[in-house]
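Reviewing the structure listed below.
2 protein chains.
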Amino acid sequence: MSQVKIGLLGLGTVGGGTVNILKRNAEEISRRAGREITVVHAAARDLNKPRICDTSGIKLTTNPLDVVNDPEVQIVVELMGGDGLARELVLSAIAQGKHVVTANKALIAKHGNAIFAAAEAKGVTVAYEAAVAGGIPIIKAVREGLSANRIEWLAGIINGTGNFILTEMRDNGTDFGDVLAEAQRLGYAEADPTFDVEGIDAAHKLTILASIAFGMPLQFDKAYTEGITKITREDVECAEKLGYRIKHLGISRRTDKGVELRVHPTLIPERRLIANVDGVMNAVLVQGDAVGPTLYYGPGAGAEPTASAVIADVIDVVRTMDAPVESRIPHLAFQSSAIRDIDILDMGEVETSYYLRISAADRPGVLAELTQILGDRGISIEAMIQQEPAEGERNANIIMLTHKVQEKRMNDAINAIESLEAITGEVMRIRMESLG
Amino acid sequence: MSQVKIGLLGLGTVGGGTVNILKRNAEEISRRAGREITVVHAAARDLNKPRICDTSGIKLTTNPLDVVNDPEVQIVVELMGGDGLARELVLSAIAQGKHVVTANKALIAKHGNAIFAAAEAKGVTVAYEAAVAGGIPIIKAVREGLSANRIEWLAGIINGTGNFILTEMRDNGTDFGDVLAEAQRLGYAEADPTFDVEGIDAAHKLTILASIAFGMPLQFDKAYTEGITKITREDVECAEKLGYRIKHLGISRRTDKGVELRVHPTLIPERRLIANVDGVMNAVLVQGDAVGPTLYYGPGAGAEPTASAVIADVIDVVRTMDAPVESRIPHLAFQSSAIRDIDILDMGEVETSYYLRISAADRPGVLAELTQILGDRGISIEAMIQQEPAEGERNANIIMLTHKVQEKRMNDAINAIESLEAITGEVMRIRMESLG
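From first to last, the protein sequence lines are chains Z and E. Oh and the first sequence: position 322 is 580 in our numbering, straight run, nothing missing. Oh and the second sequence: position 147 is 405 in our numbering, straight run, nothing missing.
Okay, here's the thing in structure tokens:
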């Protein structure tokens, strides 16, 4: 049986998981791939650090370039993260005619266009299944499984940390800050949780999904990103009462005016399957014109789930390594000559329904003022709840669900509402999607 | 752009859907595939029948052999169903060195071993994504997406008709017979619903999934099949009260003693995502040792969902048509030389938990007799509900949930229970799975 030799950049969580699976499932994997896949060289920052994997038989170095330059290494597997050094190393591997597998979403979302162009010029493949939704084969599903479809939209829970926090808030009635602290203690959230809770990580992944769905270049800088830090226990409860769940979704939709590309908290009907994806799990719902809705669910992070995707990519790369370039899947699903610039829709132009939570003085006439402002802007109300003021409080919470309206109109309405004398503080606004 | 010419056997629902999508999405598809895919020849039983698709530009015939033998046709797409003539035509296409795409689960489940052997001998591919779970790319996910994993088990709702019936029974509290009649009226169920409601269709699909998961030959004749016809409204309600849903599942699990291969009604905890897959939708849950659980959800039937899978297969076949054979995915996921005979576990040896509904005379001592019988056989009870007899009735329903026990022991216990004087009629037994 022929042997394929791979080099690892990074021996942390995912790198360690990759080594472990390749060892444990060596037989299963070679029965499928028809080749033996062996890690021959690996780079780690600190060789004395304790590892989750057995590195015997693997040449070790602290210099990742040693791995990239090793003539034995046929496929470079980049698992170090970041988009500075990782980018240089990946480009160097490509320049040497080596295939690359990476789990690095920031790298692909921000530098993928240049990386894929370099790879095509050299006739090599850069595979990145593990960059989106960890162990779920979502890149494969969209690029290959749904290739007959005109994709209409997709929506995903693509950050496990954020989903864990929202799930805990709902299950236990806890506040955002308390759950975040618990998530950090459990290792589900980083010490600096910004990437996760502000939606940047999700925006990286959404950027990649949108490109392969619609056949357009990666445009991370145009993604709209809003975090979950302002969501209160109250919002979670009100949503529940109205038959909705709050999820941090990445959404991309094709419209006549351009493609929507947005990450934000979203109310979705509780009967939708994706509304019931809880804890650290991820899921992506894809709407194709032929197939209709399909959903892909699984663990979006962790050593072995991510390594599962990395190794599947290695096997895919190995299969077509010696085949004509035409037999490989194009990097962004569409032939590079068929990739088209499509405008990303400005967030002000996006149309959604809204959940509004307004803290208002508990006196007659306030509701009339609110509905007047909305009515003047053509915003119609689908449902409303007025909550009694809590004991000792003078303000009541008014919850409104609106029909669809352009975001800029809603912004205008919210400005007008916030300037009313009877209104205290900011209006809480959460977008709603039916996903039906 | 190069052109690939395909021939269709069958121009009914799926055939018509295939023609429609290839026409409507011609540009999107060729932007992905890098080739134009054109239907040049199609066979239908009756050329005068009204069609859902425009057949202009397609040569039509009533003789499917004309299509298979047409030297222009490079890929034969078999959408006629049945496993007699279809088998002959597929083997004839293979003998002529043509690739085949089929949506025919009976054909693959029953004759796949011979068909794949013939295809390998000729160096052609037989693709069958559409044969399992319609538009969901589940074959691709298991064969390629999870290729790093030792698959431990999989469980699927893989018959839309059955799932529609069980969903309606639950939502509306209706009886099996009434819902079946409604499903027939809506076109979700055939005039002869045996294949669907008795689990034969699901067993075809499960047979295929089990082979690609575990690397063993197709063994349809060894699948255990039990339908949903005996499930009552009462069972659905009792399950609900206990926190469960009843689903018609296909389950295959690797055990030390062999592989389980079974289709039967199953109680699953309502919090599981798959318990919330309703109506005609399908879903497959796969447990891999590395990735953990992943779930794939979507429409399992219908013209365009099925055609979506057919066309994705055509695109896959086209991509590696001119590449070395090693670059193709092996038919049963594992290299044919690595396929191993694995015993299918006899149903008597399978261990599950059980739901039991027992109609018993409402008098003291009956419960003691029942628990004695179970206790003697080492069967322990997890939960129990005793229902008051309905007005004018003398019998009470006793519902029991048991811990795990071997099926043959449970059969023995049920025989003993049914021979008790206080027991009326048959004991209703439904297997339970935690799927966790």
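Backbone N, C-alpha and C define an ideal beta-carbon position, used for all residues, glycine too.
Query                                                                                                                                 : Result
Per-residue DSSP class, three states only, for V668 of chain Z                                                                        : Checking the sequence shown, residue 668 of chain Z turns out to be Met, not Val. DSSP places M668 of chain Z in helix when its eight states are reduced to three.
I415 of chain E Cβ short of 7 Å to the ligand MN heavy atom set                                                                       : Looking at this structure, you won't find the ligand MN or any other ligand, since it has none at all.
Under 9 Å from the C-beta of N283 of chain E: neighbouring residues of chain Z                                                        : A406, N407, R408, D547 and A548
Chain-ordered chain E contacts of F592 of chain Z [CB-CB under 8 Å]                                                                   : R289 and R290
Chain E within 8 Å of V535 of chain Z, Cβ atoms only                                                                                  : yes
CA-to-CA distance, L467 of chain E to G546 of chain E, given in whole angstroms                                                       : 14 Å
Own chain, CB closer than 6 Å to K363 of chain E, minus 5 neighbours either side, in chain order                                      : A389, H462 and K463
Buried or exposed (CB count within 10 angstroms, at least 16 for buried), T452 of chain Z                                             : exposed
Best match in Z:I675, Z:F434, Z:S617 and Z:K368 for proximity to G342 of chain Z [C-alpha to C-alpha]                                 : Z:K368
Proximity below 8 Å, CB of K281 of chain Z to CB of K398 of chain E                                                                   : no
Contact check, I616 of chain E vs I675 of chain E, beta carbons under 8 Å                                                             : yes
N407 of chain Z beta carbon less than 8 Å from that of V549 of chain Z                                                                : yes
Selection from E:Q630, E:G650 and E:L659 that minimises the alpha carbon distance to Q644 of chain E                                  : E:L659
Short Cβ contact (8 Å threshold) for L525 of chain E with Y386 of chain E                                                             : no
For V326 of chain E and S350 of chain E, the rounded distance between their alpha carbons                                             : 7 Å
Residue span of the beta strand (DSSP E) that contains A353 of chain E, given as start and end                                        : Unbroken run through A353 of chain E is the alpha helix (DSSP H), L343 to A353; no beta strand (DSSP E).
Test: G393 of chain Z CB closer than 8 Å to a CB of chain E                                                                           : yes
Residue nearest to P588 of chain E in terms of C-alpha spacing, selected from Z:K480, Z:P588 and Z:A291                               : Z:A291
Interface residues of chain E facing T578 of chain Z [CB-CB closer than 8 Å]                                                          : T578, A581 and S585
Validate contact between the stretch 480 to 492 of chain E and the stretch 527 to 535 of chain E using beta carbons, cut 8 Å, 3 pairs : no
Validate contact between the stretch 418 to 438 of chain E and the stretch 423 to 435 of chain Z using beta carbons, cut 8 Å, 3 pairs : no
Unbroken alpha helix (DSSP H) run spanning E426 of chain Z, endpoints                                                                 : G418 to N430
Any chain E beta carbon closer than 8 Å to E286 of chain Z                                                                            : yes
Distance between I656 of chain E and A626 of chain E (C-alpha atoms, nearest Å)                                                       : 12 Å
Status (buried if at least 16 other CB within 10 Å, exposed otherwise) for M259 of chain Z                                            : exposed
Neighbour flag for T552 of chain Z against chain E, beta carbons, 8 Å                                                                 : yes
Proximity test, Cβ basis, 8 Å: G273 of chain E and chain Z                                                                            : no
Any C-beta of chain E under 8 Å from that of S510 of chain Z                                                                          : no
Closest residue to L628 of chain E among E:E607, E:I681 and E:K662 (Cα-Cα distance)                                                   : E:I681
M252 of chain Z (DSSP reduced to helix, strand or coil)                                                                               : Any question about residue 252 of chain Z goes unanswered here, given that chain Z covers just 259 to 694.
CB contact below 8 Å: P322 of chain Z versus chain E                                                                                  : no
Option in Z:I264, Z:G315, Z:T271 and Z:R309 with minimal Cα separation from D328 of chain Z                                           : Z:I264
Complete runs of the alpha helix (DSSP H) confined to the stretch 435 to 484 of chain E [at least 4 residues]                         : 452 to 455 and 458 to 472
Element boundaries [beta strand (DSSP E), containing K263 of chain E]                                                                 : Q261 to L267
Against chain Z: residues of the stretch 297 to 326 of chain E by CB proximity under 9 Å                                              : none
Rounded C-alpha distance that separates A619 of chain Z from R652 of chain Z                                                          : 6 Å
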